[in-house]
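First to last, the protein sequences are chains A and B. Take the first sequence: its letters are residues 1 to 492, numbered as in the working numbering. Take the second sequence: its letters are residues 493 to 589, numbered as in the working numbering. Positions of the beta carbon are idealized from the N, C-alpha and C atoms, including for glycine. Following: one structure in structure tokens, then a few remarks.
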Amino acid sequence: MTSLTELCLYEARDGLKNKSFSTKDLILDHIDAMESSRKLNAFITETPEIALKSADLSDENYANNTNRPLEGLPLGVKDMFCTKGILTTASSKMLSNFIPPYESTVTDNLWNNGAILLGKLNNDEFAMGSSNETSFFGSVINPWKKNDKQAELVPGGSSGGSAASVAAKVGVGSLGTDTGGSIRQPASFTGTVGLKPTYGRCSRWGIIAFASSLDQAGPITRNVKDNAILLNSMCSHDPKDTTSSLKVVPNFESSLGKSIKGLKVGIPREFFQDGMSDEIIKMWDNGKEWLKNAGAEIIEISLPNTKYALPCYYIIAPAEASSNLARYDGVRFGHSVNSNDINEMYELTRSDGFGDEVKRRIMIGTYVLSSGYYDAYYLKAQKVRSLISKDYSEAFNKVDVMLTPSTPNSAFELNEKCDDPLSMYLNDVFTVPINIAGLPAISIPSSKDKSGLPLGLQLIGKPFDEETLYSFANIIEESSNFVSLDDKWWIK
Amino acid sequence: MSVDIDNVKKIAKLSKISLSENEIEKFLTDLNQIIGWVDQLTEVDTEKVAPTFSSFGAEEGIKKRSDVISDGGYREDVISNAPKSEEGFFLVPKVID
């Protein structure tokens, strides 16, 4: 019999509704897939007992016709979301023993909608990284390999475990967080669909904070429809997050299949880079063609401050991180190193508990916020942020969505970029500006490069217009005929 | 602007991170590379530009809740992750002589 893990989210949902199989059957197959994919190192904590217990409740609900929207569907959750009574580490030694006494709002919403936790997923330490190599729990391995089947590749980051698990068909979807591309870049590297919602769409309460003005939770799934369904259950207004929106949450699933005839697609010319590979250019051209064929109008636009987005981000994000991570003091929770002197205790705890990339960012953040440098760096960056946001709001007077590549390249090899922080940062050149402007954006697998690795197209939307993104993403998905991964080499 | 050894030591002190001599050397190189790169923002004319601290709020505004107690009463939970605690308090090394 084929494993039930072959079914995507909506297929599994429909199968459960039609009583073709039980929740328990579905969960058992996913637990089996999780256990046999340990080579990928996607999970930090597996929670099979919780999943099986929840499956019994879901089966009762189906029997009594009291099933909820995501009843019985197994999901992986990035280890940045606090889960009550379940180890939550942010992939850091600093939190390697942290058991939250509370549940994040987004995960709480999912469990209230009937979804089932399969386990907690690996990520870059405190979500700082673009390859999942900064995790205290080791690198995640991309389920995709080049045609030659040799080298192991990174899944992207920081939501590397979230993307890798979905590409490997472990769980029907997963949760990620995106501060500068941490959902969309790994989605692009693993042939999955990843959406970063508008800032304010999902509550940040209970998500371990990295850069609070940029962080957003979002879904990673095997297809666009699954993504829309999952997002619906994540969103809500949350009084515990002052930046949580009061806007009504639409039914995202119903925006699939809507016509895009007459709508305008902006192609930002500044995203075209010198030395851009032919494969990326061709994918971008194909994307334009598909949308044109569906009746949309393609318009070239300009976002003049695009080149400043990445340096602007690498001031703002570390500044906010240095402040957010001040709480790790070895006193109230997490890792602690003994000393008789309190200052020495703080310094030794933080030196031992944080990895190099986290230290690097805390130090940059501390520098740009320190007396004498605040105006020159931090305030300057916040002014440039205004200019970047203005570029987008003006362009969105002329167009309905924008189309760009998600990343400048496909997945790279483990250890390839580890020693050069700047070349790692450049991976996020197409995704970072969107967080700075607080906009929604989605990455959709669209083609493969010459070595057989997936490449993604990014659609950028107006604030709180995820619906239009899903309508367009659906067309790209249908036009691209992207063939997902079928070789489960890690089981052999 | 460039960063020197004393800057790195000062930043590490402010960040409450203890660094070995080797690490100081390594972070000096990294920080100089990154700071040198973000310095390109000086090209941008921002004289008449107001800063944006959050992309949220322009339309809806940051919400305030009424100033009433809405939470609490679970001291054991709060203390449950503490490396050292006693009688419901966090324990720290002696701070005053």
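| Item | Value |
| --- | --- |
| Any heavy atom of the ligand SAH closer than 7 Å to the Cβ of A:V224? | By its list of ligands, the structure shown contains no ligand whatsoever, and the ligand SAH lies outside what it can speak to. |
| Name the residues in the stretch 66–99 of chain A whose C-beta lies less than 7 Å from a C-beta of chain B; which are they? | F98 and I99 |
| Out of A:A51, A:F472 and A:A411, point me to the one whose CA is closest to A:G295's CA. | A:F472 |
| Could you tell me how far apart the beta carbons of B:V495 and B:I516 are, in whole angstroms, since I believe they sit closer than 8 Å? | 11 Å between Cβ atoms; not a contact. |
| In terms of residues, what are the limits of the alpha helix (DSSP H) holding A:G479? | The displayed chain sequence assigns Ser, not Gly, to residue 479 of chain A. Counting along the chain, the alpha helix (DSSP H) containing A:S479 begins and ends at E466 to S480. |
| Look up A:L453 in the DSSP assignment and say whether it is helix, strand or coil. | coil |
| For B:K555, which residues in chain A fall below 7 Å Cβ to Cβ? | T242 |
| For B:L520, go through chain A and note every residue whose CB falls closer than 8 Å to its CB, in chain order. | The premise fails here: B:L520 is roughly 10 Å from chain A at the closest Cβ pair, so nothing lies under 8 Å. |
| Between which residues of its own chain and A:I99 is the CB-CB distance below 8 Å, once the five residues before and five after are set aside? | G85, I86, L87 and T88 |
| Consider the Cβ of B:F581: report whether some Cβ of chain A lies at a distance smaller than 8 Å. | no |
| Does the beta-carbon of A:S182 have 16 or more other beta-carbons within 10 angstroms, so that it is buried, or is it exposed? | buried |
| Using only CA atoms, which one of A:K93, A:V483, A:L175 and A:S3 lies nearest to A:L231? | A:L175 |
| So which residues on chain A does B:K508 lean against when the C-beta distance must stay under 7 Å? | Y346, E347 and R350 |
| Based on DSSP bridge pairs, tell me the residues matched to A:M402. | A:G266 and A:I460 |
| Look up A:A187 in the DSSP assignment and say whether it is helix, strand or coil. | helix |
| Would you say A:Q273 reaches chain B, if we count a Cβ-Cβ gap shorter than 8 Å as a contact? | no |
| Under the rule that 16 or more other beta-carbon atoms within 10 Å means buried, what is A:G287, buried or exposed? | buried |
| Do A:F430 and A:P463 have their CB atoms nearer than 8 Å? | no |
| Anything in chain A within Cβ reach of B:D569, meaning under 9 Å, just list it in chain order. | P101 and Y102 |
| In chain order, what are the residue ranges of uninterrupted alpha helix (DSSP H) at least 4 long that sit wholly in the stretch 183–267 of chain A? | 184–190 and 224–234 |
| Taking 8 Å as the threshold, find out whether the stretch 304–324 of chain A comes into contact with the stretch 195–207 of chain A through three or more Cβ pairs. | no |
| Whole beta strand (DSSP E) runs in the stretch 127–188 of chain A with 3 or more residues, listed along the chain? | 173–178 |
| Check the Cβ of A:F333 against every Cβ in chain B and list those closer than 7 Å, keeping chain order. | N573 and A574 |
| Specify the secondary structure class of A:E297 as computed by DSSP and reduced to three states. | strand |
| What number of angstroms, rounded off, separates the C-alpha of B:I503 from the C-alpha of A:E357? | 15 Å |
| Taking 8 Å as the limit between beta carbons, can you name the residues of its chain near A:D241, skipping five residues before and five after? | T105, S203, R204 and W205 |
| Is the separation between the beta-carbon of A:S233 and that of A:R269 shorter than 8 Å? | no |
| If we ignore side chains and look at the alpha-carbon of each, how far apart do A:S36 and A:I491 end up? | 6 Å |
| Quick check: the Cα distance between A:G257 and B:R567, rounded to an integer number of angstroms? | 51 Å |
| Determine which residues share a DSSP beta bridge with A:S447 and list them. | A:L455 |
| In chain A, what lies closer than 7 Å to B:V541 by C-beta? | K383, S386 and L387 |
| Taking a cut of 9 Å between CB atoms, which residues from the stretch 419–433 of chain A lie near chain B? | D420, P421, L422 and Y425 |
| In angstroms with no decimal places, state the Cα-to-Cα distance between A:T47 and A:V172. | 15 Å |
| Whole-angstrom Cβ separation of A:K17 and A:G452, contact assumed at under 8 Å? | About 36 Å; that fails the 8 Å criterion. |
| For chain A, check one thing: does any of its Cβ atoms lie closer than 8 Å to the Cβ of B:S558? | no |
| Please check if any C-beta of chain B sits within less than 8 Å of the C-beta of A:M234. | no |
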